[in-house]
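The sequence shown: position 91 = 102 (the numbering used here), numbered continuously.
For reference, the structure discussed in these notes is given below.
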Amino acid sequence: MLDKLREEVKKRVKKKRYIHTLGVEEKAVELAQKYGVDETKCRIASILHDVAKQMEVSELEKICKENFSDELTEEDIKITEILHGFVGYIIARDEFKIEDESILNGIKYHTIGKEGLDTLGRIIYIADAIEKNRDYPGVEKIREEVEKDLDKGIIFEIDRKIKYLSSVGGKIHRNTLAMRNWLAKSN
Numbered sequence: 012m013l014d015k016l017r018e019e020v021k022k023r024v025k026k027k028r029y030i031h032t033l034g035v036e037e038k039a040v041e042l043a044q045k046y047g048v049d050e051t052k053c054r055i056a057s058i059l060h061d062v063a064k065q066m067e068v069s070e071l072e073k074i075c076k077e078n079f080s081d082e083l084t085e086e087d088i089k090i091t092e093i094l095h096g097f098v099g100y101i102i103a104r105d106e107f108k109i110e111d112e113s114i115l116n117g118i119k120y121h122t123i124g125k126e127g128l129d130t131l132g133r134i135i136y137i138a139d140a141i142e143k144n145r146d147y148p149g150v151e152k153i154r155e156e157v158e159k160d161l162d163k164g165i166i167f168e169i170d171r172k173i174k175y176l177s178s179v180g181g182k183i184h185r186n187t188l189a190m191r192n193w194l195a196k197s198n
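Following this line, the structure appears as structure tokens:
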């Protein structure tokens, strides 16, 4: 089944994106073993997390408006980098018949997180940010923090993201801030 999913994703994304996907899978499995999460479920969520990444923005917007109007505002839909996770959720559920909510939420929230996101979802969120092919200022430090403590590492990554987005005039999604605050309270 995993090989079949990989083949399907490979057909749908560019080579660089597929290499990233395999990197996320590798990191997610490593973190699953470390933090006691089902490895196969992490593999499925990792493989499918960017399945919708190469779709046309207009198609992503249309699917999100039709399926997530209760969760995504018009303003959210303008943040096009987050839409592929939501559409990936639909593809995983409808095309690949994934029923496990933990896997589906791992795909759906891998770019923005969510307050109350389970450990699998948090692993996919951070694996996406720190897999071995990622190279940006501070990534090594985030990797070190995640090795020590998953949630503190995620907080560290979100803080870095807030600083970066502020410096370029970007906007941090409310879900990401809510997850950060929830994790900070729990730690």
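We treat Cβ as the ideally placed atom computed from N, Cα and C, and that holds for glycine.
Non-local beta-carbon contacts of Ala138 in its own chain, meaning distances under 7 Å to residues more than five positions away in sequence, involve Val35, Lys38, Ala39, Leu42, Ser57 in chain order.
When secondary structure is reduced to three states using DSSP, Ile109 falls in the coil class, being assigned neither helix nor strand.
Within the same chain, Cβ atoms closer than 8 Å to the Cβ of Tyr46 are found at Thr130, Ile134, Leu161, the five residues on either side in sequence being excluded. When DSSP states are grouped into helix, strand and coil, Asn144 belongs to the coil group. For a cut-off of 8 Å, the C-beta gap from Leu94 to Ile88 is around 7 Å, short enough to register as a contact. Note on the segment 113 to 176: whole alpha helix (DSSP H) runs with a minimum of 4 residues are 130 to 141, 150 to 159, in chain order. Here DSSP, grouped into helix, strand and coil, assigns Met190 to helix. For Thr122, the closest of Glu72, His60, Val68, Ile55 by C-alpha to C-alpha distance is His60. The beta carbon of Glu110 sits closer than 8 Å to the beta carbons of Arg104 from its chain, once the five residues preceding and following it are set aside; these are given in chain order. Taking the Cβ atoms as the reference, Asn186 lies roughly 16 Å from Gly99, outside the contact range of under 8 Å.
One thing to note: Gly132 has its Cβ no nearer than 8 Å to the Cβ of Gly149. Taking C-beta separations shorter than 7 Å and ignoring five residues to either side along the sequence, the partners of Glu168 in its chain run Ile137, Ala140, Ile153, following chain order. Around the C-beta of Tyr147, fewer than 16 other C-beta atoms lie within 10 Å, and the residue is accordingly described as exposed. Rounded to the nearest whole angstrom, the CA to CA distance from Leu128 to Lys64 is 22 Å. The C-beta separation of Asn198 from Lys159 comes to about 12 Å, leaving the pair out of contact by the 8 Å criterion.
Bounds of the alpha helix (DSSP H) holding Ser57 are 50 to 59.
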